[in-house]
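Novice: The numbering used here puts the sequence shown at residues 6 to 129.
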Amino acid sequence: MDLSVYERLGGSYTLARVIPHFYVRLLTDSALAGRLRGVDVGRLACRQLEFLGALMGGPPMGRDVDLAGAHRRLGITDGDFDRAVAHLAESLRAHGATAEEAEVVVECVGLFRDQIVSAPVDTA
Numbered sequence: 006m007d008l009s010v011y012e013r014l015g016g017s018y019t020l021a022r023v024i025p026h027f028y029v030r031l032l033t034d035s036a037l038a039g040r041l042r043g044v045d046v047g048r049l050a051c052r053q054l055e056f057l058g059a060l061m062g063g064p065p066m067g068r069d070v071d072l073a074g075a076h077r078r079l080g081i082t083d084g085d086f087d088r089a090v091a092h093l094a095e096s097l098r099a100h101g102a103t104a105e106e107a108e109v110v111v112e113c114v115g116l117f118r119d120q121i122v123s124a125p126v127d128t129a
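1. Count the other C-beta atoms from every protein chain shown that fall within 10 angstroms of the C-beta of Asp119, then say buried if there are 16 or more, exposed otherwise.
2. Considering Cα atoms alone, identify which of Leu79, Gly58 and Asp85 is closest to Thr19.
3. What residue does the alpha helix (DSSP H) around Ile24 start on, and which one ends it?
4. Quick check: the Cα distance between His92 and Leu79, rounded to an integer number of angstroms?
5. Are the Cβ atoms of Val23 and Leu97 separated by less than 8 Å?
6. Using C-beta distances below 8 Å, list every residue in its chain close to Leu72, excluding the 5 sequence neighbours before and after it, in chain order.
7. Only counting the same chain, and skipping five residues up and downstream in sequence, which positions put a Cβ closer than 6 Å to that of Pro65?
8. So, with DSSP's three-state summary, where would you put Ala124?
9. Pull up the distance between the alpha-carbon of Gly83 and that of Arg77, whole angstroms please.
10. Classify Asp85 as buried or exposed, calling it buried when 16 or more other Cβ atoms lie within 10 Å of its own Cβ.
11. Between which two residues does the alpha helix (DSSP H) containing Asp85 stretch?
Encoded structure:
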């Protein structure tokens with residue numbers, strides 16, 4: 006039986022280290038940090054841990070999540086999304102994921118792009 010990415014990476018133990026690393030990267034990225042102004046990052050990190058864990062093959066989330074509603078006010082663009090998932094991939098690799106494992110997670114997160122991106126395309 007094949008192990009899930011969640012299991013291969015070490016489950017909640019590893020994700021509990023990846024998520025803070027990911028948020029440090031987001032908060033120190035001048036292009037993204039403003040999106041998190043006024044957001045309870047600790048609470049958000051807990052939700053992210055649950056969401057990514059389920060997405061990677063770990064325990065299912067205990068509730069439905071309205072991703073579009075949760076992200077709408079943040080005005081996330083496609084570029085913001087791409088930068089954030091690049092930070093996620095780097096955070097995963099920093100904690101032992103192979104490039105292929107990180108790419109699988111990024112591809113899974115990408116399935117939710119239309120629910121997370123809410124800002125109109127910049128045509129300037």
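Even for Gly, the Cβ is constructed at its ideal location relative to N, Cα and C.
Specialist: Taking the coordinates as given:
1. exposed
2. Gly58
3. Gly16 to Leu32
4. So the alpha carbons of these two residues sit roughly 18 Å apart.
5. yes
6. Phe117, Gln120 and Ile121
7. Excluding five sequence positions before and after Pro65, the CB atoms of its chain that fall closer than 6 Å to its own CB belong to Ala59, given in chain order.
8. coil
9. Note that residue 83 corresponds to Asp in the displayed sequence, not to Gly. Their Cα atoms are separated by approximately 13 Å.
10. buried
11. Asp83 to Ala99
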